[in-house]
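Chains as they are written, first to last, in UniProt numbering: chain A, 1 to 232; chain B, 1 to 232; chain C, 1 to 232; chain D, 1 to 232. Virtual Cβ for every residue (Gly too), placed ideally from N, Cα, C. So the structure is just underneath, and the comments pick up after that.
Protein chains: 4
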Amino acid sequence: MAPIHRIAQISSHLRTTSTRVSTLTLTRNFTSSSSSSSYKVTNKDRAFYPYALDIQSRWADNDQYGHLNNAHYYALFDTVINTFLIQETGLNPLEQSKESAIGVVAESGCQYFSSLSFPDMIEARLAVIKLGKSSVVYQVGIFKKLAKDGSASTGRAGASPASAGVFSKAASSVATGKTFDASEFEPSQVQGDAAATGHFCHVFVNNESRRPVPVPQRIRAGLEQLQVQVQP
Amino acid sequence: MAPIHRIAQISSHLRTTSTRVSTLTLTRNFTSSSSSSSYKVTNKDRAFYPYALDIQSRWADNDQYGHLNNAHYYALFDTVINTFLIQETGLNPLEQSKESAIGVVAESGCQYFSSLSFPDMIEARLAVIKLGKSSVVYQVGIFKKLAKDGSASTGRAGASPASAGVFSKAASSVATGKTFDASEFEPSQVQGDAAATGHFCHVFVNNESRRPVPVPQRIRAGLEQLQVQVQP
Amino acid sequence: MAPIHRIAQISSHLRTTSTRVSTLTLTRNFTSSSSSSSYKVTNKDRAFYPYALDIQSRWADNDQYGHLNNAHYYALFDTVINTFLIQETGLNPLEQSKESAIGVVAESGCQYFSSLSFPDMIEARLAVIKLGKSSVVYQVGIFKKLAKDGSASTGRAGASPASAGVFSKAASSVATGKTFDASEFEPSQVQGDAAATGHFCHVFVNNESRRPVPVPQRIRAGLEQLQVQVQP
Amino acid sequence: MAPIHRIAQISSHLRTTSTRVSTLTLTRNFTSSSSSSSYKVTNKDRAFYPYALDIQSRWADNDQYGHLNNAHYYALFDTVINTFLIQETGLNPLEQSKESAIGVVAESGCQYFSSLSFPDMIEARLAVIKLGKSSVVYQVGIFKKLAKDGSASTGRAGASPASAGVFSKAASSVATGKTFDASEFEPSQVQGDAAATGHFCHVFVNNESRRPVPVPQRIRAGLEQLQVQVQP
Numbered sequence: 001m002a003p004i005h006r007i008a009q010i011s012s013h014l015r016t017t018s019t020r021v022s023t024l025t026l027t028r029n030f031t032s033s034s035s036s037s038s039y040k041v042t043n044k045d046r047a048f049y050p051y052a053l054d055i056q057s058r059w060a061d062n063d064q065y066g067h068l069n070n071a072h073y074y075a076l077f078d079t080v081i082n083t084f085l086i087q088e089t090g091l092n093p094l095e096q097s098k099e100s101a102i103g104v105v106a107e108s109g110c111q112y113f114s115s116l117s118f119p120d121m122i123e124a125r126l127a128v129i130k131l132g133k134s135s136v137v138y139q140v141g142i143f144k145k146l147a148k149d150g151s152a153s154t155g156r157a158g159a160s161p162a163s164a165g166v167f168s169k170a171a172s173s174v175a176t177g178k179t180f181d182a183s184e185f186e187p188s189q190v191q192g193d194a195a196a197t198g199h200f201c202h203v204f205v206n207n208e209s210r211r212p213v214p215v216p217q218r219i220r221a222g223l224e225q226l227q228v229q230v231q232p
Numbered sequence: 001m002a003p004i005h006r007i008a009q010i011s012s013h014l015r016t017t018s019t020r021v022s023t024l025t026l027t028r029n030f031t032s033s034s035s036s037s038s039y040k041v042t043n044k045d046r047a048f049y050p051y052a053l054d055i056q057s058r059w060a061d062n063d064q065y066g067h068l069n070n071a072h073y074y075a076l077f078d079t080v081i082n083t084f085l086i087q088e089t090g091l092n093p094l095e096q097s098k099e100s101a102i103g104v105v106a107e108s109g110c111q112y113f114s115s116l117s118f119p120d121m122i123e124a125r126l127a128v129i130k131l132g133k134s135s136v137v138y139q140v141g142i143f144k145k146l147a148k149d150g151s152a153s154t155g156r157a158g159a160s161p162a163s164a165g166v167f168s169k170a171a172s173s174v175a176t177g178k179t180f181d182a183s184e185f186e187p188s189q190v191q192g193d194a195a196a197t198g199h200f201c202h203v204f205v206n207n208e209s210r211r212p213v214p215v216p217q218r219i220r221a222g223l224e225q226l227q228v229q230v231q232p
Numbered sequence: 001m002a003p004i005h006r007i008a009q010i011s012s013h014l015r016t017t018s019t020r021v022s023t024l025t026l027t028r029n030f031t032s033s034s035s036s037s038s039y040k041v042t043n044k045d046r047a048f049y050p051y052a053l054d055i056q057s058r059w060a061d062n063d064q065y066g067h068l069n070n071a072h073y074y075a076l077f078d079t080v081i082n083t084f085l086i087q088e089t090g091l092n093p094l095e096q097s098k099e100s101a102i103g104v105v106a107e108s109g110c111q112y113f114s115s116l117s118f119p120d121m122i123e124a125r126l127a128v129i130k131l132g133k134s135s136v137v138y139q140v141g142i143f144k145k146l147a148k149d150g151s152a153s154t155g156r157a158g159a160s161p162a163s164a165g166v167f168s169k170a171a172s173s174v175a176t177g178k179t180f181d182a183s184e185f186e187p188s189q190v191q192g193d194a195a196a197t198g199h200f201c202h203v204f205v206n207n208e209s210r211r212p213v214p215v216p217q218r219i220r221a222g223l224e225q226l227q228v229q230v231q232p
Numbered sequence: 001m002a003p004i005h006r007i008a009q010i011s012s013h014l015r016t017t018s019t020r021v022s023t024l025t026l027t028r029n030f031t032s033s034s035s036s037s038s039y040k041v042t043n044k045d046r047a048f049y050p051y052a053l054d055i056q057s058r059w060a061d062n063d064q065y066g067h068l069n070n071a072h073y074y075a076l077f078d079t080v081i082n083t084f085l086i087q088e089t090g091l092n093p094l095e096q097s098k099e100s101a102i103g104v105v106a107e108s109g110c111q112y113f114s115s116l117s118f119p120d121m122i123e124a125r126l127a128v129i130k131l132g133k134s135s136v137v138y139q140v141g142i143f144k145k146l147a148k149d150g151s152a153s154t155g156r157a158g159a160s161p162a163s164a165g166v167f168s169k170a171a172s173s174v175a176t177g178k179t180f181d182a183s184e185f186e187p188s189q190v191q192g193d194a195a196a197t198g199h200f201c202h203v204f205v206n207n208e209s210r211r212p213v214p215v216p217q218r219i220r221a222g223l224e225q226l227q228v229q230v231q232p
């Protein structure tokens, strides 16, 4: 069977297992333990996403209209996802054997809400919205990094970049199923101010045969930390 | 009203006018005039798309797995779309005034079927699947350039790049509503061998207010040349 | 006179005013106030450079050999230089009029000593080695970000990115001509462990005529903060 | 010995074997067989370079000043060099063993003379100006593709891209030492209209030890085809 046929199979496989998410607003319910109040958090809020990585924008990210080029958002997706996989699940892209299970991208998509511009510090946030036998669907939120007072960081004055990727306390306490204390929320985490949201699907395949294989156990354990329950 | 609010409006506007197309296989019906036969052509066939541009892949397009990085496909989308707009509709991105109607990207998406690798010559093909009052939804097909005998071009032996963007005769004869002669098809145009297909939505806005405005007449006339009727 | 001719003039202009620096090891003499000892610091040491910006590497930076692609180093140069100009001298690339003095790149070069690899946190450091009437020659050092104990940061464990661009205390105390206390040096600043060093020349020209003009006063004042005296 | 030390060795090695070429105008003497006239051709003329590859510019190549970003020129260098190595010398970057001799970049540089802008078709031209035991120094010229009448191609009207990389007849007849007939020159080849010229140094090293090794025989044979004699 030719490689092209195999990857077409992967894609069919994915279509039956993944949800179409690019144009949806996803929500999560947060119930506070200290009060009886309940919060809806959408994929446009920072609090939706358990993991974050700060990425310095670059001069060449801007296109001739003076804003981040749309294609570069996908490079940000790639970067937060693979930083997580390498730092938190032990993935080593440089030491793949023929028997390795490698993640190939089957589908991606992005919705753009507002623009970013060099030299903004960018905050890329990550959640897992579907974890199948062989595939994973990520949700990514792209935000402008906030200053510590919650205002939009404008260059030098504010940005305080995360040290490597970090887990968001409020968000991950939900992800791990613990009772959530609404007081953990910083107001800046629920402003609905994502510049863009996107999804990204990895299918794990055998490096040689390119047929789908189960998500490796160590990677699955890592991805489960990012899993969130969503309603369309 | 803050810019971020305005662009959120655009996005809502788009959501109601565009179709969700990223995961669909789109088909067009071709009816031959010389016989009574009818053909289904999908968005994985070259014949689906009225316009094509050859793009030389670059060393830096390959990622560390040795294949074109997924994010770079969107740079190919950008390139075929803007080459068309500049060469065929007179768009001049360098001479925008405050009153200009400029196209902002509201949404994009891509499905990956097989891999490409430097130094492949890439054939990026373009169609318009929805043309609204203020917005346009493109469909893009990314193919490996074929040698003249219809076989996959492998480097030096074959690639015969198009001179700037070109209109595909067979495809455009359909696009323009003329009766279609199936004999115009080259077999290579209906192999269903797209490496990737994607969609890309432009909303035209006033350069200063960022509110949606009608697609400028000259651009609309150009886009109509690429319009195809599709069934999901 | 055609634009191409004008820029050729710029280039001649630069050749007579700049030094050829790409293949040289540059040194600065540091004399300690507390002892009589003197230190040589080269452009391969962090202490050579008064200004630093941390830049998160990206998945797509790696080429198919698994290391940062050589061309992307120049994107790092661009980024540290323009971040400095925007944040410290008030340059606003988005609000250029026809009379503005804009900086065009006349020459660049890089020497590569060791490799970097995603997801390394990168430390890009900046000095000015020549400041002419219309032109400036920067020296850039590209380093792997160190953990706080001075060891090479390996992913999650260590990197502590700078908050926006920062001035290095030890280095700038020299740049500003103050007596230098050698005890300010952290050992990590004099390990000669640059992954790459490069130079980059801006010539300031009138935005319309493209003829050389004096470096604007506010930018000159900023650049003087980064100026270091070097010996080849 | 640590990898960083080894690559520092490579760099010293190169410094003693390579010439500093970034800021020089290089010339070649062409003597016509049919007349007694002699021509000087510089590295700003197309005729200087035996090999050429057409590369479609991309939307994202332009920076916010509307011209090709300086860093992307190095991606063009990479692309013409590696296309030559893969198509003409059999290099296969995807099948490297631990014993393979691989080319690592030790130094690069570029001088910019005039600007290019998307959607220009770019003509990247290649020569070898030094071929040592373990290292090679390339000279690259970046030109705007000309229309067939020798005028600068402006988008759709003119560009006629080369089919994969091609050898220039006039130039290679000199490279191979054959007597040169000046009538072979097209006027467009000696207009001195390079938008940029650059150099690029590869050192071949053992893939595992990273120590310099001789240039592999098959690659050397290919590179000799591009070798030109230059005077500073």
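Quick check: what's the CA-CA separation for residue i versus residue j?
i              : j              : result
V136 (chain C) : C201 (chain C) : 6 angstroms
V215 (chain D) : A127 (chain D) : 17 angstroms
I219 (chain C) : L68 (chain B)  : 40 angstroms
Q231 (chain C) : G141 (chain C) : 17 angstroms
N82 (chain C)  : W59 (chain A)  : 7 angstroms
N92 (chain C)  : G103 (chain C) : 12 angstroms
F113 (chain B) : R211 (chain D) : 40 angstroms
G198 (chain C) : G132 (chain D) : 24 angstroms
A2 (chain B)   : C110 (chain A) : Any reading at A2 (chain B) is ruled out, since the residue's pLDDT is 37, under 50, leaving its predicted position unreliable.
V21 (chain B)  : K130 (chain A) : Note that V21 (chain B) has pLDDT 41, beneath the 50 cutoff, so the model's placement of it is unreliable and the number below is only indicative. V21 (chain B) and K130 (chain A): Cα-Cα distance of roughly 20 angstroms.
A194 (chain A) : D193 (chain D) : 46 angstroms
L94 (chain C)  : P50 (chain D)  : 41 angstroms
V41 (chain A)  : V205 (chain B) : 30 angstroms
I believe residue i touches residue j by the beta-carbon criterion, under 8 angstroms. Please report the beta-carbon distance rounded to the nearest angstrom.
i             : j              : result
L26 (chain A) : Q139 (chain A) : 7 angstroms
N70 (chain A) : V80 (chain B)  : About 14 angstroms separates the two Cβ atoms, so there is no contact after all.
What residues are listed by DSSP as bridge partners for residue i?
i              : result
K144 (chain B) : B:I122
F113 (chain A) : F113 (chain A) pairs with nothing; no bridge assigned.
S135 (chain A) : A:V203
N62 (chain D)  : D:L68
Y51 (chain D)  : D:L126, D:F167
V105 (chain C) : C:H202
On a CA-only basis, which of the options is nearest residue i? Give me that one, please.
i              : options                       : result
I55 (chain D)  : D:S97, D:L76, D:L226, D:Q191  : D:L76
E107 (chain B) : A:P93, A:Q225, A:V230, A:A196 : A:A196
F48 (chain C)  : C:F113, C:L85, C:Q111, C:F143 : C:F143
F84 (chain A)  : C:L91, C:D120, C:T83, C:N92   : C:D120
E186 (chain B) : B:G103, B:K133, B:A147        : B:A147
V203 (chain C) : C:S134, C:Q229, C:K145        : C:S134
S100 (chain A) : A:Q229, A:V213, A:Q225        : A:V213
R125 (chain B) : B:G90, B:V205, B:F167         : B:F167
If we call anything under 8 angstroms between Cβ atoms a contact, is residue i one with residue j?
i              : j              : result
G165 (chain A) : Q217 (chain A) : no
F118 (chain A) : S57 (chain A)  : yes
E123 (chain A) : A221 (chain A) : no
Y74 (chain B)  : Y65 (chain A)  : no
D45 (chain D)  : Q227 (chain D) : no
S115 (chain B) : N207 (chain B) : no
R28 (chain D)  : Q225 (chain D) : no
D63 (chain A)  : N62 (chain D)  : yes
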